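A.B. asks: A single structure is presented below for examination.
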Amino acid sequence: MGNSTVAPEGKETPARLSGSLGVVSIVFMVVAAASPLVVVGSVSPLGIMIGNGVGFPALFAIGAVILVLFAVGLTTMTRHVPKPGAFFTFVGYGLGPAAGIVAAWLAILAYTSVQIAVHAYMGYVLSGALSSLGGPALPWWLCSLLVIALVGYLGYRNIDLSSKVLGFMLVLEVGIVLALVVAVLITGGDSGLDLSPFDPANIVSGSPGIGLMFAMGSFIGFEATVVFRDEARDPTRTIPRSTYAAVIGIGVFYTLAAWSIVMAWGSDKVVAKATEDPGTMIFATMHRYLGVLGEKGVNFLLITAMLACVLAFHNVLARYQHSMANAGVLPRALSGIHPRHRSPHTSSLVQTVTAGALIAVFAVLGLDPVFAVFTPLGGVTNLAIALLITLTSVAILVYFAKTKVDRRPWNTVIAPVLGLIGMVAAAVLIVAYFPLLVGDVDAEGNQVVGGVTILLLGLIAAFPVLALIQAAVIKKRNPASYEEMIERVGA
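When we follow the numbering used here, the leftmost residue of the sequence shown carries the number 60, and every step to the right adds one.
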């Protein structure tokens, strides 16, 4: 059971992770989870095409502001709740153990969905890439399973190894996008540089609600900084700094990159270009400004970006499961810590097996990896994360209202309330456009509330319901253990 010990009172002390991660390492891991190159290459063209057109880059900035407001309350709470477990712990302290369990299972659903979605898409891309290079014609699911095995190996070992791998891959993907930005700046783009994407008239044109939904979903992963608390060098300082650096850095990067894409094709032509083929727009843009080398480079780096993404979420999931096991929500065996790697190795193995099993099931069912796996599960991730952050925002407000441990209005009331309003708006937009998000559309491309939408919304609703049932069972069987549940996380 790792390094678990027995306390004097006869209670088992939770197994704790340890490490020396600094701000840069944590930022690299959570930004890699957001997969910036994938966002620039796929989300930006879609936002321009079916969102608010030329004004889409500004929505990244608006999304960043909303999440910074949320981060104010989150980072303030980390100083008063010095425990791992992330949203599981924070919601538990604010709204009670039952709500904490709901948050934990929403996190498991969200991060598992995004991990499996990217594994499926990456398997599809790798299969095509191998065939185009004259290699063996491997099925997508086999490529996915090979990637899962690699991620499982890295996740099993010390977190420092993952942070180095993620850091290297992140530098490459950010580097090629910045090279494009510089090329656009030097050449003046298609028809001169301007600030038209930030014109209020352009921001509210078209369908800004759809655009904001895509923009907000692109930040998924930044909130995971708090997951690595026990492995941070100086968590009291490292976690807040990492959180702000991640969300602000991602926001600035996305805004700048999307602006450069608009300038690359011209404010008057970019919507037509995105509509022509959003899937290949990033390759055409790279070829136009960085030549064949840039086009081929981004093709390769999209694969490494997806690898970085699934590795980052694998690490996050392993640590969530570890905290839930310490609290008694999952089997105690998942709290094990490797004696040499200091990693949650048992939880990591379970996560690897889970990912492999789900991919195998989808393969047996003959599901299309892009339209039947990646797209629907991406929608599940977006809504589950929006609900999770909204729930955490409420918990932060309630916690400070109850405890009075921090009386700064901006940190404990004003910023959290503004962040909550923004997140509620985002959640409402995601629900409103959920059929579009999961690919439930008719022949004309109009969203319809069909079987896919109903099934996935039912899945998302089932997790909180089952979590509440689990909480009730734990409370009935062992009331004392139930009340101490959140305290046991990293006690």
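Think of the CB as a built atom: it goes at the ideal place given N, C-alpha and C, for glycine as much as any other residue.
Values in this document were obtained by computation on a predicted structure and should not be read as measured data.
Tell me where the alpha helix (DSSP H) around residue 347 begins and ends.
C.D. replies: Where residue 347 is concerned, the enclosing alpha helix (DSSP H) stretches over 340-386.
A.B. asks: Do residue 326 and residue 113 count as a contact pair if the criterion is CB distance below 9 angstroms?
C.D. replies: In this structure, residue 326 lies closer than 9 angstroms to residue 113 by Cβ.
A.B. asks: Restricting to Cα atoms, I'd like to know which of 328, 357, 352, 156 is closest to residue 339.
C.D. replies: That would be 357, whose Cα lies nearest to the Cα of residue 339.
A.B. asks: Measure the CB-CB distance between residue 302 and residue 451 and report whether it falls below 9 angstroms.
C.D. replies: No.
A.B. asks: Tell me, please, which residues DSSP counts as bridged to residue 500.
C.D. replies: Answer is 506.
A.B. asks: Taking the beta carbon of residue 430 as the centre, do at least 16 other beta carbons fall within 10 Å, making it buried, or is it exposed?
C.D. replies: With fewer than 16 Cβ atoms within 10 Å of its Cβ, residue 430 is classed as exposed.
A.B. asks: Thinking C-alpha only, which one of 307, 155, 322 is nearest residue 461?
C.D. replies: Selected option, being the one with the closest Cα: 155.
A.B. asks: Taking the straight line between their C-alpha atoms, what separation do you get for residue 62 and residue 368?
C.D. replies: With a pLDDT of 39 at residue 62, under the threshold of 50, the modelled position of that residue is not reliable, and no figure is offered here.
A.B. asks: Buried or exposed for residue 227, please, with buried defined as at least 16 other CB atoms from any protein chain shown within 10 angstroms of its CB.
C.D. replies: When all chains shown are included, residue 227 counts as exposed.
A.B. asks: For residue 291, which of helix, strand or coil comes out of DSSP?
C.D. replies: DSSP places residue 291 in strand when its eight states are reduced to three.
A.B. asks: Tell me, which residues are paired with residue 80 by DSSP?
C.D. replies: Answer is 291, bridged to residue 80.
A.B. asks: Out of curiosity, what's the CA-to-CA distance linking residue 270 and residue 263?
C.D. replies: Whole-angstrom Cα-Cα distance: 10 angstroms.
A.B. asks: If I'm right that residue 221 touches residue 385 with Cβ under 8 angstroms, what's the distance once you round it to whole angstroms?
C.D. replies: Between residue 385 and residue 221 the Cβ distance is about 21 angstroms, and since that is not below 8 angstroms, they are no contact.
A.B. asks: Tell me the residue span of the alpha helix (DSSP H) that contains residue 246.
C.D. replies: Run containing residue 246: 218-246, per the alpha helix (DSSP H) assignment.
A.B. asks: Does the pairing of the segment 277-296 with the segment 141-151 give three or more beta-carbon distances under 8 angstroms?
C.D. replies: Taking 8 angstroms as the limit for Cβ pairs, the verdict is that the segment 141-151 does touch the segment 277-296.
A.B. asks: Between residue 108 and residue 333, which are expected to be in contact by the criterion C-beta below 8 angstroms, what is the C-beta distance as a whole number of angstroms?
C.D. replies: Yes, residue 108 and residue 333 are in contact; Cβ-Cβ is about 4 angstroms, under 8 angstroms.
A.B. asks: Using CA coordinates, which residue listed in 533, 84, 537 is at the minimum distance from residue 305?
C.D. replies: Minimum Cα distance to residue 305 is reached at 84.
A.B. asks: Between the alpha carbons of residue 531 and residue 297, how many angstroms are there, rounded?
C.D. replies: Roughly 36 angstroms separates the two Cα atoms.
A.B. asks: What would DSSP say about residue 328, mapped onto helix, strand or coil?
C.D. replies: Looking at residue 328 - three-state DSSP - the assignment turns out to be coil, as it is neither helix nor strand.
A.B. asks: I'd like to know whether the C-beta atoms of residue 318 and residue 116 end up nearer to each other than 9 angstroms.
C.D. replies: A contact, by the Cβ cut-off of 9 angstroms.
A.B. asks: If you draw a straight line from the C-alpha of residue 102 to the C-alpha of residue 282, how long is it?
C.D. replies: One C-alpha to the other measures close to 20 angstroms.
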